[in-house]
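This report refers to the structure that appears directly beneath it.
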Ligand code: SF4
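Chains as they are written, first to last, in the working numbering: chain U, 1 to 550; chain P, 1001 to 1174.
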């Protein structure tokens, strides 16, 4: 993984010192809360319903074991002993005191971490495939490119006060695990005409009040031109994007207003001016960063017969292996998903003790590296197959071996009204009760891949539009009302879910989802996925089951 | 208002030789003056004969591209920041310096926050009008708070990548 050099380290330390000054000026009263707000919001510090929340960047979701230990220490010392992993591969601490934040940032800096641009109208953490460097279908490891984007976007002097926040995702594989279609810019790697690697560029995806899928902006962008092209897009957005209405200020609105062709003309015209500037990537720098992501030293191991044997002997292990393992391009290895979705638990939450223990397991079994997924789970990316059984037992004893990846209890939920100042309804308790109710149905009927996403307001942080089943918590006449969408997907077959009908109260929503699933089971053919059944038969049977013949 | 001048590469509180003249008001006969873009477009004929430096002010939605051929006439361009959410003139400044070759004073006006100054400087601003009541010493201390630059901009700051791969300087043969 990437390791800071002196320059990287100087920057995060200076930024932490700068923030210490800003906090001191706030505490002394020199800065009013109004003046301080935009400053803290550029450094991941939100004022929530009960306390400050600090969002720490985990660039492209990659953590070293010592970094996870540092997060555990912070959770223990400054929070209530846990942290919350988000859908953008970051971590949040929910119970932070303002006066502690400078010390926290210093501790983060010592672990080569920071909170820079985890909030605010600027370029946010670039996300990528949690199976980077692992997936067999990968064209190239996207992490070096994500690191290049991280550096370019960090404290960018021109793009620190954009019309609105800006999110970039990058995928190295044709199978999209990064939800490219719902990002402001999506980059998918491919081979160009001469066999060189580059990117297909997508623009204007996003969820929120006006969900839109990204449109193709450029079919092939050579790698060396990545930053000049991004700069051209951002420059057009900074000048042309709307600032008069919060809900119309994302780039998706600009793209849809201008039309993709006109938008492309503007970008290409700008790009022509800067393509041959100092933004052109220097091969020496690309190689330097690439070298940081070279594969770990795998041991030559044959495909393990022991692994197959254990699965035959132990049904629980077999079930976990079927659900939570991902094939590794290195024979004899697997990538393991560590579920942060125990049945009845809070999606994405992790206790400090679990973090420390998992850091130890990462050192023992997976080259000291942990990854965060946009489904709010963690990954140990390089585990020998003959170690899987021991690892599974250790994870199980920590409560981290729920066999549910991409299954109905692997619910993505935002913090909602329990924490978030913008929420219109709770999402965590709905997730907890749903997973309790659905775990048993899944065990009996093997529901296969079925994703549920729950957002606590229209800001859609839990991406409910792209859940196979999406739930949006609204407020209606003083009470929580949950709107259900069906048919979303964020994979390469991306689609936006459609609203099935009127919303459900807090006491009805769990039963409503159960009704949808029970209805589906009667119509399901040959073990197909819920999404495929829905695409085959349409929403009518579900509407009828929920609302009767109206 | 306090003016911080960075024209010679080190920030200092400076007296202001310039007057911002409101639309409709008379230009001072003996001092350099700035006028709005609006006024320039409406009545440049009355202005071009003056033998004193002229400056122009742009609001955040106004574009410098409207008057590119006129740029050599201006000794100062003032770009306004109405609030912290409006960052359009960060782009304007870079274009003026990097693309349109503007060499006069580039002044940030409006809500110029201490904590934006480093970024503005990188985009090519070399003068900053601090809003009333803001501590000038604190603003001066803000220059160079971040010494590392990851990206090329309008200033001469070498980027991190350039520093990393700079060819070692050859020792001169003596
Ligand atoms: S979706 Fe709404 S409630 Fe949930 S975290 Fe985002 S802003 Fe808060």
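C-beta atoms are modelled at their ideal positions from N, C-alpha and C, and glycine is treated no differently.
Cβ-Cβ distance between residue i and residue j below 8 Å
i              : j              : result
residue 462/U  : residue 427/U  : yes
residue 339/U  : residue 400/U  : yes
residue 264/U  : residue 217/U  : yes
residue 501/U  : residue 534/U  : no
residue 1055/P : residue 1096/P : no
residue 1087/P : residue 160/U  : yes
residue 251/U  : residue 148/U  : no
residue 555/U  : residue 101/U  : With chain U covering only 1 through 550, there is no way to say anything about residue 555/U.
residue 52/U   : residue 97/U   : yes
residue 465/U  : residue 505/U  : no
residue 125/U  : residue 165/U  : no
residue 1091/P : residue 30/U   : no
residue 483/U  : residue 503/U  : yes
residue 152/U  : residue 1150/P : yes
residue 89/U   : residue 58/U   : yes
residue 528/U  : residue 175/U  : no
residue 556/U  : residue 419/U  : What is shown of chain U runs 1 to 550, which leaves residue 556/U out entirely.
residue 473/U  : residue 425/U  : yes
Exposed unless 16 or more other CB atoms sit within 10 angstroms - verdict on residue i
i              : result
residue 1013/P : exposed
residue 283/U  : exposed
residue 156/U  : buried
residue 1068/P : exposed
residue 6/U    : exposed
residue 306/U  : exposed
residue 430/U  : buried
residue 40/U   : buried
residue 1100/P : exposed
residue 944/P  : What is shown of chain P runs 1001 to 1174, which leaves residue 944/P out entirely.
residue 1171/P : The predicted position of residue 1171/P is uncertain, since its pLDDT is 46 and thus under 50; a value taken from the coordinates is nonetheless stated next. Exposed, by the Cβ-count rule.
residue 1028/P : exposed
residue 1183/P : The shown model of chain P, from 1001 to 1174, leaves out residue 1183/P, and the question about it has no answer.
residue 1133/P : exposed
residue 573/U  : Chain U is shown from 1 up to 550; residue 573/U falls before or after that span and cannot be answered.
residue 117/U  : buried
residue 415/U  : buried
residue 327/U  : exposed
7 Å CB neighbourhood of residue i in its chain, flanking five on each side removed
i              : result
residue 365/U  : 380, 383, 387, 391
residue 1173/P : Its pLDDT being 42, under 50, residue 1173/P is placed unreliably in this model, and the value from its coordinates should be taken loosely. Taken in chain order, the list of residues that qualify is empty.
residue 17/U   : none
residue 519/U  : 541, 542, 545
residue 1146/P : 1118
8 Å Cβ cutoff, residue i in contact with chain P
i             : result
residue 284/U : yes
residue 10/U  : yes
residue 1/U   : no
residue 465/U : no
residue 253/U : no
residue 117/U : no
residue 156/U : yes
residue 162/U : yes
residue 125/U : no
residue 222/U : no
Nonlocal neighbours in the same chain, by C-beta distance under 6 Å from residue i, ignoring five residues either side
i             : result
residue 177/U : 129
residue 192/U : 198, 220
residue 447/U : 408
residue 112/U : 4
residue 146/U : 60, 126, 128, 170
CB contact below 8 Å: residue i versus chain U
i              : result
residue 1172/P : Note that residue 1172/P scores 45 on pLDDT, short of 50, meaning its location in the model is unreliable; the coordinates nonetheless yield the value given after this. So, not an interface residue.
residue 1072/P : no
residue 1087/P : yes
residue 1150/P : yes
residue 1145/P : yes
residue 1115/P : yes
residue 1034/P : no
residue 1084/P : yes
residue 1163/P : yes
residue 1010/P : no
residue 1160/P : yes
Distance cut-off 7 Å: residue i Cβ against heavy atoms of ligand 2
i              : result
residue 1123/P : As for ligand 2, it is missing from this structure, which binds only ligand 1.
8 Å Cβ shell around residue i - same chain, five flanking residues per side excluded
i              : result
residue 1089/P : 1058, 1060, 1079, 1080, 1081, 1108
residue 355/U  : 68, 69, 71, 72, 75, 83
residue 91/U   : 55, 56, 58, 71, 83, 84, 85, 372
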